[in-house]
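In terms of mature numbering (1 follows the signal peptide of the UniProt record, and there is no 0), the sequence shown is residues -19 to -1, 1 to 72.
Ideal Cβ positions, reconstructed from N, Cα and C, are used throughout, including at glycine.
So the structure is just underneath, and the comments pick up after that.
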Amino acid sequence: MKNTIIPGLCLMTTLLAGCADVVSDPVDETDPCGAQRHTALLGANIAAVTLPADLNDRVIGPNDAVTMDFVADRLNIETNADGLIIGLSCG
């Protein structure tokens, strides 16, 4: 009888573990692109800034046309005519 109980308990434990909720890293819904982490860029010249390769960003100049699509995890970097970073936002 012991020979059937132990494998049965192991199987049941394995099956129940598959039903557990997966906990993911919480996303800050007010700042999904991490703009707050990049505030040190404000006032810097965009030409002198090195951004991480995996950063989903869009640099927007004063006369640039941009699409209206909203991408929550994209960092919009707004620059003035001199190339200075004047604003950061998600979208």
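A check of alpha carbon separations from VAL52 across ALA62, ARG39, ASP45 and ASP35 identifies ARG39 as the nearest.
Taking ILE67 as the centre and dropping the five residues before and after it, the same chain places the C-beta of GLU59 and ASN61 closer than 6 Å to its C-beta, in chain order. LEU69 is the residue among ASP45, ALA46 and LEU69 whose C-alpha sits nearest the C-alpha of ASP54.
Cα atoms of CYS14 and ASP63: separation of roughly 25 Å, rounded to the nearest angstrom. In the DSSP assignment, ASN57 is bridged to ARG39 and SER70. Annotation: ILE27 to ILE41 spans about 10 Å, alpha carbon to alpha carbon.
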